[in-house]
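Colleague: Just so we're aligned, residue 1 is where the sequence shown starts under UniProt numbering, counting upward by one.
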Amino acid sequence: MRTMSPWWIRIPFIFFLIFGLVEYYVDSGDKPAFIEYPMVQLFLLMVLLILIAIELIVKSVENVLFQTLPEEAKERYLNAKSASWEWAWGKRMYKKLLGSKPIEEEGEIILDHNYDGIKELDNKLPPWWVYLFYATILFGVVYLARFHVFNDYDQAREYEMEVAAAQAAIEEYRKTAKDLVDVNTVTLLTDASDINAGRLIFETNCVVCHMADGGGGIGPNLTDEYWIQGGGIKNVFRTISEGGRDGKGMIAWKQTLKPAEMAQVASYVLSFQGTTPANPKAPEGEIWIDENAPQDQNPQEESASDSTTVALNEQ
Ligand code: HEC
1 MRTMSPWWIR
11 IPFIFFLIFG
21 LVEYYVDSGD
31 KPAFIEYPMV
41 QLFLLMVLLI
51 LIAIELIVKS
61 VENVLFQTLP
71 EEAKERYLNA
81 KSASWEWAWG
91 KRMYKKLLGS
101 KPIEEEGEII
111 LDHNYDGIKE
121 LDNKLPPWWV
131 YLFYATILFG
141 VVYLARFHVF
151 NDYDQAREYE
161 MEVAAAQAAI
171 EEYRKTAKDL
181 VDVNTVTLLT
191 DASDINAGRL
201 IFETNCVVCH
211 MADGGGGIGP
221 NLTDEYWIQG
231 GGIKNVFRTI
241 SEGGRDGKGM
251 IAWKQTLKPA
261 EMAQVASYVL
271 SFQGTTPANP
281 KAPEGEIWID
291 ENAPQDQNPQ
301 EESASDSTTV
311 ALNEQ
């Protein structure tokens, strides 16, 4: 039986052909099909196993047929086989890379050291090792040029790039998993869709006590800059989630609302800031200053607001 191409070309060739066809015909959006649909991985694995099985069967059939050949034909077959180019090329390459002298020619390289009958051969360095060594020199030159001469980038910049990429990936993930937010990670949402969702939640749950315009009733005024439990998205989120002070009437909403919904309604509550409600309730609490806000913009502000800070929450 004459084989046209060796198995290590045949199997990958057919495999990647089928792989390519699958990718071409299976519509999987912008991700490759084998990532989008894990079934495809299973299918490709099956294809690979079947291809290997076919090769093994062909091999064993060949083997059985070989056993039935007469001696002389066997020899011819083996000769033809070892003359096939891949085999010959592989053997030649192996010998070349090893670079050792055949045992018959060792006489040429024997040294005249003789330690109690132990003699030394002056073998050349094996070419595979020498080439590897040259490759490291080449690598070193390229590395030196890139990172020390042209300053392509350094570790610090690489680190920053990776952190930025990771941050972007986290952002991306957060968008799909909004319920992951908690009081530590919540940020002010500004998307119109989030604010609208927040308004719906507010109108269903909160207006009875805070009024539709946030002016306050049973609950405090949410439009002014005075806060009993602290302003800013994190404090507001925490108040909504955990409730107000005991006995004041503001329940913990975490039983009723999902984290994402609390983030939305908290953002909506903060959108009241600076608006003028129809019947504003008198301020309660203290003016809240964001500690994380850039403070050096207006150095007077802190001392000025200190003196105007009033504790009105004792009623
Ligand atoms: C039963 C009436 C009631 C309802 C309903 C209610 N609240 Fe309140 N809310 C209050 C009271 C009373 C306080 C003051 C709590 C305190 O003094 O500790 C308060 C406080 C707050 C505060 C803190 C204000 C500050 O100055 O620190 C926020 C924010 C708030 N509510 C948001 C909401 C949101 C959002 C909803 C709807 C999901 C809601 N509330 C529903 C009664 C209510």
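Glycine is no exception: its CB is placed at the ideal position from the N, C-alpha and C atoms.
1) Does the contact criterion of 3 or more C-beta pairs under 8 Å hold for the stretch 100-110 versus the stretch 6-25?
2) Let me know if residue 396 comes out buried or exposed under the rule of 16 or more other beta-carbons within 10 Å of its beta-carbon.
3) In whole angstroms, what is the alpha-carbon distance linking residue 215 and residue 202?
4) Closer than 8 Å by C-beta to residue 307: which residues in its own chain qualify, once you throw out the five before and the five after it? Chain order, please.
5) Use the C-beta contact count for residue 139: other C-beta atoms within 10 angstroms, 16 or more gives buried, fewer gives exposed.
6) Count the other CB atoms within 10 Å of the CB of residue 266; is the residue buried (16 or more) or exposed (fewer)?
7) Going by DSSP, what residue range makes up the alpha helix (DSSP H) through residue 95?
8) Per DSSP, residue 227 forms a beta bridge with which residues?
9) Thinking C-beta only, is residue 181 closer than 8 Å to residue 260?
10) Which of helix, strand or coil does DSSP assign to residue 151?
11) Compute every distance between the C-beta of residue 284 and the non-hydrogen atoms of ligand 1, then say whether any falls below 7 Å.
12) Less than 7 Å between the CB of residue 223 and some heavy atom of ligand 1, yes or no?
13) Under the assumption that residue 209 contacts residue 249 (Cβ atoms under 8 Å), give the Cβ distance between them as a whole number of angstroms.
14) Give the DSSP bridge partners of residue 114, in chain order.
15) Can you list, in chain order, the residues of its chain whose CB lies under 6 Å from that of residue 275, leaving out five sequence neighbours each side?
16) Residue 315: buried (16+ other C-beta within 10 angstroms of its C-beta) or exposed?
17) For residue 179, which of helix, strand or coil comes out of DSSP?
18) Does the separation of the CB atoms of residue 51 and residue 11 fall below 8 Å?
19) What residue range is occupied by the uninterrupted alpha helix (DSSP H) comprising residue 60?
20) Measure the alpha-carbon distance for residue 167 versus residue 124 and round it to whole angstroms.
21) Hey, could you find the ends of the alpha helix (DSSP H) residue 204 is sitting in?
22) Using the rule of at least 16 other Cβ atoms within 10 Å of the residue's Cβ for burial, across every protein chain shown, is residue 186 buried or exposed?
23) Residue 267 lies in the alpha helix (DSSP H); which residues open and close that run?
24) Give me the Cα-Cα distance between residue 88 and residue 81, rounded to the nearest whole angstrom.
25) In whole angstroms, give me the CA-to-CA distance for residue 257 and residue 263.
26) Apart from the five residues just before and just after residue 212, which ones in its own chain have a Cβ nearer than 7 Å to its Cβ?
27) Does the Cβ of residue 205 lie closer than 7 Å to at least one heavy atom of ligand 1?
28) Between residue 58 and residue 175, what straight-line distance do the alpha-carbon atoms span, to the nearest angstrom?
29) Under the rule that 16 or more other beta-carbon atoms within 10 Å means buried, what is residue 281, buried or exposed?
30) For the alpha helix (DSSP H) that residue 82 lies in, which residues bound it at each end?
31) Under the rule that 16 or more other beta-carbon atoms within 10 Å means buried, what is residue 241, buried or exposed?
Modeller: Checking against the coordinates, here is how it stands:
1) Short answer: they don't touch.
2) The chain is shown from 1 up to 315; residue 396 falls before or after that span and cannot be answered.
3) Cα-Cα distance, rounded: 13 Å.
4) Annotation note: pLDDT 42 at residue 307 (below 50); position unreliable, coordinate value reported separately. Short of 8 Å from the beta carbon of residue 307, and not among the five residues preceding or following it, lies no beta carbon of its own chain.
5) Counting Cβ neighbours within 10 Å, residue 139 comes out exposed, since fewer than 16 surround it.
6) When all chains shown are included, residue 266 counts as buried.
7) From DSSP, the alpha helix (DSSP H) with residue 95 extends over 85-98.
8) 286.
9) Contact check for residue 260 against residue 181 passes: the beta carbons are separated by less than 8 Å.
10) Three-state result, residue 151: coil.
11) Flag set: Cβ of residue 284 near ligand 1.
12) For residue 223, the CB stays at least 7 Å from every heavy atom of ligand 1.
13) Cβ atoms of residue 209 and residue 249 come within 8 Å of each other, at about 7 Å.
14) Residue pairing by DSSP places residue 114 opposite 119 in a beta bridge.
15) For residue 275, where only same-chain residues beyond five positions count, the Cβ hits under 6 Å are 223.
16) Only weak support is given to the placement of residue 315: the predicted model assigns it a pLDDT of 43, under 50, and the question is left unresolved by the model.
17) Assigned with DSSP and collapsed to three states, residue 179 falls in helix.
18) Their beta carbons are under 8 Å apart, which means residue 51 touches residue 11 by this criterion.
19) Run containing residue 60: 38-68, per the alpha helix (DSSP H) assignment.
20) Spanning the alpha carbons of residue 167 and residue 124 requires a straight line of approximately 54 Å.
21) Start and end: 192-205.
22) Answer is buried; the Cβ neighbour count reaches 16.
23) Start and end: 259-270.
24) The alpha-carbon atoms of residue 88 and residue 81 are separated by roughly 9 Å.
25) The straight-line gap from Cα to Cα measures roughly 10 Å.
26) For residue 212, where only same-chain residues beyond five positions count, the Cβ hits under 7 Å are 203.
27) Checking the Cβ of residue 205 against ligand 1 gives yes.
28) Between residue 58 and residue 175, the C-alpha separation is close to 54 Å.
29) That one is buried.
30) Unbroken alpha helix (DSSP H) run through residue 82: 71-82.
31) With at least 16 other beta carbons inside 10 angstroms of its own, residue 241 counts as buried.
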